[in-house]
Every structure is written in C-alpha cells, then in structure tokens.
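In terms of the numbering used here, the sequence shown opens at residue 1 and continues consecutively.
Input: a single structure, listed below in structure tokens.
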Amino acid sequence: MRKFALLFAGVAVAGLASYPAVTAEDKDKKKDDRPDIVVPFVPTKDEVVKAMLKLAAVKEGDTVYDLGCGDGRITIAAVKDFKAKRGLGIDFNPERLKDCEKRVKDLKLTEDEIKKLTFKQGDVLKMTPEDFKDVDVVTMYLLPDVNLKLRPILQKGLKPGARIVSHDFNMGDWKEDKMEKVTVDREHTVYLWTIKEAGK
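Quick look at the structure:
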C-alpha cells in the first residue's frame, strides 16, 4: 500500500508547471479564487467514454488531456484501454482528485499504467496555448460557455493532426469533423474536431 501511495503522490505533483499540486494552502482558497464558470461534476457513462476515445482514435504513443477530469475515468481509460503514452486529468475541485486516486486503486492499475497518469488541480480557463503544444487528444465534458472560451486556446496551441472530443456540447460555429450519437439511459452526442493547420 505504501508503494502505491508513493507512486500516486509522484503522479499528483507531475505535469504542467503552471498547475501546482494540492496543498493545505489550496484548501483555504477564498471564493474569489474560484473559476468564473463552475462546471458541475456529472460522470460520463463508460460507454460514452469508450465512444469518445474511439472517435478520437486514441492510440499508443498519444498524449491525452482531459479538461475537467472528474473522477479520472476518461484519463484512466485512455491509458489502460487505449494504451496512450500519457494521460493528464485537470480539475479545479481537489475532492475530484481524491476520486481519481480511489478509482486508480479500485481498478488495480499496473505500476507502468500509474506512471503514465497525472492528475492536477487547476482552472482549465487559465491554461495557455503553450500548455497544449505536445498534446495529441483533448477530451471535455464541460459547458457551452467554457468550450467557447477554450476554443481559441486549443486552436492556437494544438499541433496539426491533434484531436478534440467533447461530450454533449459543441464549439459554436466551429463545425465538427464528426459527430456520433450514443444511447445510454439517454441520447449522448460526441463531437470531434481535428486541427488541420497550426492556429486553426
């Protein structure tokens, strides 16, 4: 158990330099530090997770970022089931990072899989194009307003061939390249965009 805890602690502090690990000081943040738009945590059904990663054609060697990662299920599936090289999940709520840790434990991931995972506390709207320069796939289940705010950042930062996949919400007038319907309890919509050239 101690070995696992140490591995997860190492994972928690890795990743983007602009997103510090959770500390006691973080827990005392004022309400003014909360993001402008708070996205409620609604877990994505496992069938939809699979559809998102499949539509994005996640493969071995890919780096996958999940924005608003919740309990980490998309990030973990990218590494465990689709063999991504690296999975990074970002969520503003430190309680969600605890959910990520629990999920990693419950799924009994291998040491190699755990090393490929990073979970960070941070506001996705404060990310910059530079943060996405080496990313192959971005996954999201956010809100329309958040998607629109992220759109220019992703378009500028992602390299040609990178993919963006969003659950239920589109990117305004940026026409998706593919769209898929998945019915699990209700009808879910999965949108895919592929960066054609730098900045677009």
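C-beta atoms are modelled at their ideal positions from N, C-alpha and C, and glycine is treated no differently.
Among 48, 43, 41, 39, which has the Cα closest to the Cα of residue 183? 48
What do you get for residue 162, buried or exposed, if any count of 16 or more other CB atoms within 10 angstroms of its CB means buried? When all chains shown are included, residue 162 counts as buried.
Assigned exposure category for residue 72 - 16 Cβ within 10 Å defines buried: buried
Here's the rule I'm using: 16 or more other beta-carbon atoms within 10 Å means buried, otherwise exposed. How should residue 86 be labelled? Counting C-beta atoms within 10 angstroms of its own C-beta, residue 86 has 16 or more neighbours from the protein chains shown and is therefore classed as buried.
Please classify residue 84 as buried or exposed, where buried requires at least 16 neighbouring CB atoms within 10 angstroms. buried
Below 8 angstroms on the Cβ atoms is my contact criterion, and I expect residue 75 with residue 143 to pass it. Report the Cβ-Cβ distance as a whole number of Å. At roughly 19 angstroms, the Cβ-Cβ gap does not stay under 8 angstroms, so residue 75 and residue 143 are not in contact.
Do residue 140 and residue 67 have their C-beta atoms within less than 7 angstroms of each other? Result yes, Cβ atoms of residue 140 and residue 67 sit closer than 7 angstroms.
Determine the contact status of residue 153 and residue 122, defining contact as a CB-CB distance below 7 angstroms. Annotated as distal: residue 153 and residue 122, with beta-carbon spacing of 7 angstroms or more.
Taking the straight line between their C-alpha atoms, what separation do you get for residue 146 and residue 126? Roughly 11 angstroms between the two C-alpha positions.
Determine, using beta carbons only, whether residue 180 and residue 190 come nearer to each other than 7 angstroms. yes
Check residue 157 in the structure and name its three-state DSSP category. helix
For residue 65, which residues of its own chain have a beta-carbon under 6 angstroms away from its beta-carbon, when the five flanking residues on both sides are left out? 88, 135, 138
Smallest Cα separation from residue 159: which of 45, 174, 165, 195? 195
Out of 107, 99, 129, 169, which one is the CA nearest neighbour of residue 148? That would be 169, whose Cα lies nearest to the Cα of residue 148.
Just the Cα atoms here: how many angstroms apart are residue 130 and residue 60? 23 angstroms
Quick one, which of 50, 69, 81 has its alpha-carbon nearest residue 120's? Measuring C-alpha to C-alpha distances from residue 120 to each of 50, 69, 81 identifies 69 as the nearest.
Extract the residue ranges of the beta strand (DSSP E) inside the stretch 40-110, only unbroken runs of 3 or more that lie entirely within it. Counting only runs of 3 or more, we get 63-67, 86-91.
Chain-order list of residues whose beta-carbon lies under 8 angstroms from that of residue 43 (same chain, five-residue window excluded): Closer than 8 angstroms at the Cβ level, and outside the excluded window around residue 43, lie 70, 71, 73.
For residue 133 and residue 17, the rounded distance between their alpha carbons: Reliability fails at residue 17, whose pLDDT of 38 lies under 50, so the model's placement of it is uncertain and no value is given.
Could you tell me the boundaries of the beta strand (DSSP E) in which residue 138 lies? 137-140
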